[in-house]
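Peer 1:
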Amino acid sequence: MNKEEKTEYLIDQLRAENAGYEALSMPVDLPGKRRLLRSLMNVRFPGPVSPEILKVQDELLQEELEEKGIVDVMELPVIQDEYPCTEIKNSRRIVLWQGDITRLKADAIVNAANSQMMGCFVPCHGCIDNAIHSAAGLQLRNECAQIMEEQGHEEPTGKAKITGGYNLPAEHVIHTVGPIVGVQVTEEQKEQLKSCYKSCLKLAEKQGLRSIAFCCISTGEFHFPNKLAAEIAVQVIDKYLSTSEVERIVINVYKNEDYYIYKKLFQ
């Protein structure tokens, strides 16, 4: 099957799981078909998936990953090379990289999850939770659901859980729930964000991981102020590295706003 045939096959299989989807018509172009497939994957509740469906899904996602291109975090320039005057103590082990986190080949990437920790159910939503689950495949939600069922309660803010990476180039995904900010940031929320970074780092080190890529936790849908969040991230990461064997930490930014904030901090 070519890419379009795989997409159509997966759409047909996921539509067949729910009688309410019978009215959904097949889009005429490949981008439309791919968007519908992503939507169906996003809204699908955890549950068994046949090996045949997973085989085709994995082939499609791996093909798309190859098209996007894999970025090895160990080959990226560290901030010591890009910002020689930086006051960051561990500048030879930290990278600032702007781009799609689902392209990064690392031991783990960090996902800014919600307290249900099963991914974003909003079709094609722009959050990183949605992007990571969409690129990893249906297996990721199923593993998250198993973790949450065993836990028996929502994931607390500031903690972290680890899963496989499945169709991502990263071997693992570390999921953490950041604080949700209202009118203004409280001291408790600052401590919770610090805890997110510390929990991810401790879990990574416990698992023997050597490279981790962080997203900008809580700055998107959770409305934590970008500059303050960056300051907290740099402070916690730099301090932790001083007594850690983790070799490479990537601060992954997507928006220009965050890129300029971190550049200014490092300069």
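Just so it is clear: in the sequence shown, position 107 is 107 by the UniProt record's numbering, and no numbers are missing.
Just so it is clear, CB atoms sit at the ideal spot from N, CA and C, and this is done for glycine as well.
Note that the structure is predicted; figures quoted are calculated from it, not measured.
Does THR157 come out as helix, strand or coil in the three-state DSSP assignment?
Peer 2: coil
Peer 1: Under three-state DSSP, which class holds ILE261?
Peer 2: helix
Peer 1: Restricting to Cα atoms, I'd like to know which of GLN146, THR157 and GLU52 is closest to THR176.
Peer 2: THR157
Peer 1: Using a Cβ-Cβ cutoff of less than 6 Å, which residues in the same chain neighbour ALA204 once the five nearest sequence positions on both sides are dropped?
Peer 2: ALA108 and ILE212
Peer 1: Could you check what DSSP says for GLY137 in three-state terms: helix, strand or coil?
Peer 2: coil
Peer 1: Would you check if the distance between the CB atom of CYS144 and the CB atom of ASN130 is smaller than 8 Å?
Peer 2: no
Peer 1: Residue range of the alpha helix (DSSP H) that GLN207 falls in?
Peer 2: Here GLN207 belongs to no alpha helix (DSSP H), and DSSP marks it neither H nor E.
Peer 1: Which one of LYS68, GLU87 and GLU8 has the shortest CA to CA distance from ARG103?
Peer 2: LYS68
Peer 1: If you draw a straight line from the alpha carbon of GLU149 to that of LEU140, how long is it in whole angstroms?
Peer 2: 14 Å
Peer 1: Might you give, ordered along the chain, the residues of its own chain that have their beta carbon closer than 7 Å to the beta carbon of GLU59, omitting 5 neighbours on each side?
Peer 2: LYS6
Peer 1: Which residues in the same chain have their Cβ closer than 7 Å to the Cβ of GLN13, if we skip the five residues on either side of it in sequence?
Peer 2: ILE53.
Peer 1: Hey, TYR197 and VAL253 are a contact pair by Cβ (cut 8 Å); roughly how many whole angstroms apart?
Peer 2: That pair is no contact at about 15 Å.
Peer 1: CB LEU96 to CB ILE249, shorter than 8 Å?
Peer 2: no
Peer 1: Alpha carbon to alpha carbon, how far is GLU87 from ARG93?
Peer 2: 13 Å
Peer 1: Of the choices ASN167, ASN142, TYR83 and CYS216, whose alpha-carbon is the least far from that of PRO48?
Peer 2: ASN142
Peer 1: Can you tell me which of the three DSSP states residue 354 falls into?
Peer 2: Because residue 354 is not part of the residues shown, which for the chain are 1 to 267, the question remains open.
Peer 1: Which first and last residues belong to the alpha helix (DSSP H) in which ALA229 is found?
Peer 2: 226–241
Peer 1: Any idea what DSSP makes of SER195, helix, strand or coil?
Peer 2: Note: SER195 maps to helix in three-state DSSP.
Peer 1: First and last residue of the alpha helix (DSSP H) that includes ILE94?
Peer 2: Premise fails: ILE94 lies in the beta strand (DSSP E), 94–98, not in any alpha helix (DSSP H).
Peer 1: Rounded to whole angstroms, what's the CA-CA distance from PRO84 to GLU8? Just pull it up for me.
Peer 2: 51 Å
Peer 1: Going by other Cβ atoms of all chains shown within 10 Å of its Cβ, with 16 needed for buried, is PRO179 buried or exposed?
Peer 2: buried
Peer 1: Based on the DSSP secondary-structure assignment, which residues constitute the bridge partners of ARG248?
Peer 2: SER211
Peer 1: Do you know how far the Cα of ILE11 is from the Cα of ARG35?
Peer 2: 10 Å
Peer 1: Between ILE232 and LYS190, which are expected to be in contact by the criterion C-beta below 8 Å, what is the C-beta distance as a whole number of angstroms?
Peer 2: The beta-carbon separation of ILE232 and LYS190, rounded to 7 Å, stays under the 8 Å limit for a contact.
Peer 1: Hey, how far is the Cα of SER91 from the Cα of ASN42?
Peer 2: 38 Å
Peer 1: Near GLU221, what residues of its chain come up, given a Cβ to Cβ distance below 6 Å and the 5 sequence neighbours on each side ignored?
Peer 2: CYS127
Peer 1: At 3 residues or longer, and completely inside the region 39–72: list those beta strand (DSSP E) runs for me, N to C.
Peer 2: List check, beta strand (DSSP E) in window: nothing returned.
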